[in-house]
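Residue numbers (this note's numbering): 8 to 255. Accompanying notes for the structure given below.
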């Protein structure tokens, strides 16, 4: 009985915990046209974008995500990570003042996102570009940056924020071109529900196993020893009963 409880014949097997996912870099426009517009009253284009992205992040259980913000320049806010809670907290702090340079440098945002994805082992690499599409500054033009993204196999899923009512300048044609050049897709986002199309499209991408740290699995043979102990105990009881019956 004691032997059975001690776990004789113990085996330890290490198995990798594999999850499926894609590597996604979110590039979020925080320029003045995104932050001061009121065509999404009572919120701004940036405010609505942050809400959409938080929902997006929450649903990407098996993906690694990173965050780039841009206006007149582009900056990395979070590298690729599976920590969705921390990424959402970082996103919550993003405002127009996060980037002091004025303007909208879409090309810089794409090239920085491409750089962060360059060493990704995932077959599916995605840049989700959230902007109103008015590129008017930057060190590299969007089309050239897109060519480099295409070279590493990254698709650009661009989301055009804003309503074409003439209140603020928007340019969705450039976003359509960027997405088409990389095999991605362009989406309009005049309301939060239209972001569902982006989620569905990314879900349909070919997924690649992301390997988590291995788990330790312990296997013992205590059942066999327990059965043996019970058999011995039963035999002992039978012998004792037989002995008491005939010899006492």
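Yeah, the Cβ is synthetic: ideal placement off N, Cα and C, and Gly gets one too.
Practice task
Specify whether the segment 147 to 167 and the segment 193 to 201 touch according to this definition: at least 3 beta carbon pairs, one from each stretch, less than 8 Å apart.
Solution key: yes
Handout entry: N-terminal and C-terminal residue of the beta strand (DSSP E) that residue 132 is part of
Key = 132 to 138
Exercise for the section: Would you give the residue range spanned by the beta strand (DSSP E) that residue 77 belongs to? Expected result: 71 to 77
Practice task
Under the assumption that residue 182 contacts residue 29 (Cβ atoms under 8 Å), give the Cβ distance between them as a whole number of angstroms.
Solution key: Beta-carbon to beta-carbon, residue 182 and residue 29 are separated by about 20 Å, too far to satisfy the 8 Å threshold.
Problem - Where residue 5 falls: helix, strand or coil (DSSP) - result: Beyond the ends of the chain as shown, which are 8 and 255, falls residue 5; an answer cannot be given.
Handout entry: For residue 49, the three-state DSSP class (helix, strand or coil)
Key = coil
Practice task
Count the other CB atoms, across all protein chains shown, that sit within 10 Å of the CB of residue 240; report buried if there are 16 or more and exposed otherwise.
Solution key: exposed
Exercise for the section: Mark residue 56 as exposed unless 16 or more other C-beta atoms lie within 10 angstroms of its C-beta, in which case mark it buried. Expected result: buried
Practice task
Report yes if the CB atom of residue 117 is closer than 9 Å to the CB atom of residue 149, and no otherwise.
Solution key: In this structure, residue 149 lies closer than 9 Å to residue 117 by Cβ.
Exercise for the section: Could you confirm whether any beta carbon from chain C is found closer than 9 Å to the beta carbon of residue 116? Expected result: Protein chain content of the structure displayed is limited to a single chain, and chain C is not contained in it.
Handout entry: Entirely enclosed alpha helix (DSSP H) segments - the segment 105 to 135, minimum 4 residues
Key = 113 to 124
Practice task
For residue 195, write down the residues that DSSP places opposite it in a beta bridge.
Solution key: Answer is 167, bridged to residue 195.
Practice task
Would you decide whether residue 190 is buried or exposed? Buried here means 16 or more other CB atoms lie within 10 Å of its CB.
Solution key: By the neighbour-count definition (other C-beta atoms within 10 Å, threshold 16), residue 190 is an exposed residue.
Problem - Own chain partners of residue 42 with C-beta closer than 6 Å, once the 5 adjacent residues on each side are dropped - result: Sequence-distant Cβ neighbours of residue 42 in its own chain, meaning closer than 6 Å and more than five residues away, are 51, 53 and 103.
Problem - Own chain residues within Cβ distance below 6 Å of residue 95, not counting five before or after - result: 61 and 64
Problem - Enclosing alpha helix (DSSP H) for residue 153 [first to last residue] - result: 149 to 158
Practice task
List the endpoints of the continuous beta strand (DSSP E) containing residue 88.
Solution key: 81 to 88
Problem - Nearest candidate by alpha-carbon position, reference residue 153, set 76, 68 and 186 - result: 186
Problem - Rounded straight-line distance, which links the Cα of residue 131 to that of residue 119 - result: 18 Å
Practice task
Return yes when the Cβ of residue 111 is within less than 9 Å of the Cβ of residue 139, no when it is not.
Solution key: yes
Practice task
For residue 146, name the three-state secondary structure that DSSP assigns.
Solution key: coil
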